[in-house]
Each structure stands twice: as structure tokens, then as C-alpha cells.
Amino acid sequence: MADSELVFHTNPMSRGRIVRWMLEELGVEYRAVVQEYGKGMKSPEYLAVNPMGKVPALQHRGIVVTEAAAICAYLADAFPQAGLAPAPDDPLRGPYLRWMFFAAGPVEAAVTANALGQLPPPEKAGFVGYGSYDQVIHALEQAAASASPWLLGERFSAADVYVGSQVDFGRAFKSIPDRPAFTAWAERLRGREAYQRARARDDALMPQPG
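Take the sequence shown: its letter number 1 is residue 1 in UniProt numbering, and every next letter is one higher.
Here is the structure:
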């Protein structure tokens, strides 16, 4: 594998779909390696890439990046010509990072805890970083409502890919309520050509019935 090659480890039934969309937005060449659940992801070869034994993972320039949010942020900075991340001296860099980390932290934690029935009682909400599920959904809804048309205004960014994927998946799996602001934003995201290409490629890899 050449250091300059982008190797994308994924599975069509995983958060790898987020990274696939990001790669399609970049318009760069990459090699996708489908890792199967079970033996594939837990094989010594793949554990040498990601000791967690999960996808997605990215290999590029002799390094490994894991975690979907980190991969999206890394790719946006590694390929600045795509314009998917504000530069460090751009005032939009702050909001961009804010929403990326908000989705990777409070949203992910609160949605998972709610789905598992493990939300803390109100008197213990201060012990968790997200406070409460309702607080997180309210803040996320405000962000979606202000996306005009994107989180950074007229500028589409990796934050729309990552945070928007959380909303898109959450609505599909009923872990995020189907509110008008979420629906409108998701429809705009689904209208992007890169989103549609990524979805078609992943759908083609799904196990076929029978």
C-alpha cells in the first residue's frame, strides 16, 4: 500500500456509511475494504489496523484514523481543495468544530443511553456530559432549524456530513424524533449527488435475501 493511497475499511451496515459519503463529497480516489462482522473485524490483520476491531477505519500517509467524526475531520483538512472545512483562521472554524464534537459526544451518548433505557434520573443528570436526552435533542433541533441551508449557512461542510448523518440515521431507526427541522435538513442532505452515490455503493454491498 502506497502512503498516498486512501484505504477505507468499512461495512455497509455500519457507521462506515458516513465516511463513504464524506469520501464521495471529496471526489478523491480511495480503495474500500469491506470487513465482515465477527472473524473479519477480529482478525489479527485487522486488529493491527484498529485494536477495537470495528469500522470505519482509514489508512493514509502511513497513519490510521478511526472514529467516524475524526475521519471526516481528518479528510476535510487533508484535502482542503474540497472546501469541506473552514481554515483555522476562519471565524466559521469555531461553529464547525462545535457541531462536530457535539454530535460525536453528547448526541451519540444521549441517543445510545435512551435507546438502551439507561438515561440517568433527573437528579443525576449533572453526572453525564449530555445532561438529558431532551436537552440534547432540543439543541440539535435548533441547529437543524438554523441550517440555511447548511450548518455553516451557505457553506456545506464535513459538519453537515457527520451531524446530518446522525440525524438521518436517527430518524430512520426512531432514536431521534421525526421533527420538521430534522426532516427538512435531511431532505436537503439526501438531495446531494455525493450522498446518493455513497448510498448506492453501500446498498450494492448489502447482503442479498435468499
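Beta carbons are placed, not taken as given, at the ideal position from N, Cα and C, and that holds for glycine.
Please report how far the alpha carbon of residue i lies from the alpha carbon of residue j, in whole angstroms.
{"i": "T10", "j": "A87", "result": "28 Å"}
{"i": "D203", "j": "A82", "result": "25 Å"}
{"i": "N50", "j": "L23", "result": "20 Å"}
{"i": "L152", "j": "M100", "result": "12 Å"}
{"i": "E67", "j": "S148", "result": "27 Å"}
{"i": "G191", "j": "E123", "result": "42 Å"}
{"i": "S4", "j": "I63", "result": "10 Å"}
{"i": "R61", "j": "A78", "result": "10 Å"}
{"i": "K42", "j": "K54", "result": "8 Å"}
{"i": "G117", "j": "R179", "result": "21 Å"}
{"i": "E29", "j": "V65", "result": "17 Å"}
{"i": "D168", "j": "A200", "result": "16 Å"}
{"i": "P209", "j": "M13", "result": "15 Å"}
{"i": "A57", "j": "F127", "result": "31 Å"}
{"i": "D90", "j": "A143", "result": "20 Å"}
{"i": "E193", "j": "W21", "result": "10 Å"}
{"i": "P44", "j": "A32", "result": "19 Å"}
{"i": "P80", "j": "E108", "result": "27 Å"}
{"i": "E36", "j": "G94", "result": "37 Å"}
Output yes or no for whether 8 Å exceeds the beta carbon distance between residue i and residue j.
{"i": "R188", "j": "L92", "result": "no"}
{"i": "A181", "j": "A145", "result": "yes"}
{"i": "Y133", "j": "A110", "result": "yes"}
{"i": "V7", "j": "C72", "result": "no"}
{"i": "Y162", "j": "A69", "result": "yes"}
{"i": "A184", "j": "R171", "result": "no"}
{"i": "L119", "j": "L75", "result": "no"}
{"i": "G40", "j": "Y46", "result": "yes"}
{"i": "A115", "j": "S175", "result": "yes"}
Report all residues from its chain with a CB closer than 7 Å to the CB of residue i; omit the five preceding and five following residues, and keep chain order.
{"i": "P106", "result": "G129, Y130, V136"}
{"i": "V34", "result": "T10, N11, L205"}
{"i": "G125", "result": "In the sequence under discussion, the amino acid at residue 125 is Ala, which differs from the Gly named in the question. Excluding positions up to five away in sequence, the list reads G131, S132."}
Please go through the same chain and pick out, in chain order, the residues whose beta-carbon is closer than 6 Å to the beta-carbon of residue i, but skip the five residues on each side of it.
{"i": "D160", "result": "W150, L151"}
{"i": "R17", "result": "D202"}
{"i": "S165", "result": "I18"}
{"i": "Q59", "result": "V7"}
{"i": "A198", "result": "R20, W21, E24"}
{"i": "P207", "result": "none"}
Give me the DSSP bridge partner(s) of residue i.
{"i": "W150", "result": "G153"}
Using a Cβ-Cβ cut-off of 8 Å (strictly less than) and excluding sequence neighbours within five positions of residue i, which residues of its own chain qualify?
{"i": "Y96", "result": "A85, P86, L151, L152, S157, A158, A159"}
- prompt: Which ranges would you report for the beta strand (DSSP E) in the UniProt domain "GST N-terminal" (3–83) if only whole runs of at least 3 residues count?
  reply: Segments of the beta strand (DSSP E) lying fully in the UniProt domain "GST N-terminal" (3–83): 7–10, 31–34, 57–60, 63–66.
Sequence ranges, alpha helix (DSSP H) only - wholly within the stretch 149–205, length at least 4: Listed in chain order, they are 158–172, 180–190, 193–204.
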